[in-house]
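Have a look at the structure below before the remarks.
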Amino acid sequence: MPDNGIDFVGVDIGLGNLKKFHYLNTKKKHVINSSAAYLPVKDGVFGYVISNSSIEHFYDLNLVIDQIGRVVKAGGNIILSIPLRNPFIRKNWLEELTERGYIRNHGIHNYLTAREWINFLENKGFKIVKKIYYLHSR
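First residue of the sequence shown? That's 1320 in our numbering, and the numbers climb one at a time after it.
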């Protein structure tokens, strides 16, 4: 994308989610209705790529991570928020809720431990600068 003063670009396959971007406190925003697995932008255009609890939902994790790596500028930053599987629990909580009938389909196809995510990302050539663990408020 040319440098046209856009501060924020939102990408989502769902039009309903894209409509929420009008709440952002900036007039310089652009939205793209697309899957993150097929980003319709040139290579190396973003200084930051932020994924908030979304990449774990893709069937082809390699494809989406390759796309994120492709569109971030050299020296840019990628910020990922990812739910982690606890390696000490036999069954993950999403499987448990699904089996009990509380939820139908959680849609998470890549429910990995912190170590598995780090290994995956490092094997893809990413450098892990910082890890922050948090508990969700729900």
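Glycine included, every Cβ here is placed at the ideal spot set by N, Cα and C. All values reported here derive from a predicted model rather than from experimental measurement.
Does N1429 come out as helix, strand or coil in the three-state DSSP assignment? coil
Less than 8 Å between the beta carbons of P1359 and I1369, yes or no? no
Report the partner residues of K1348 according to the DSSP bridge assignment. F1327
Would S1400 and N1371 qualify as a contact pair, given that the criterion is a beta-carbon distance under 8 Å? yes
Helix, strand or coil for K1450 per DSSP? coil
Give me whichever residues DSSP pairs with F1365 in a beta bridge. V1391
Look at the alpha carbon of P1321 and the alpha carbon of E1415, and state the distance between them as a whole number of angstroms. Any reading at P1321 is ruled out, since the residue's pLDDT is 45, under 50, leaving its predicted position unreliable.
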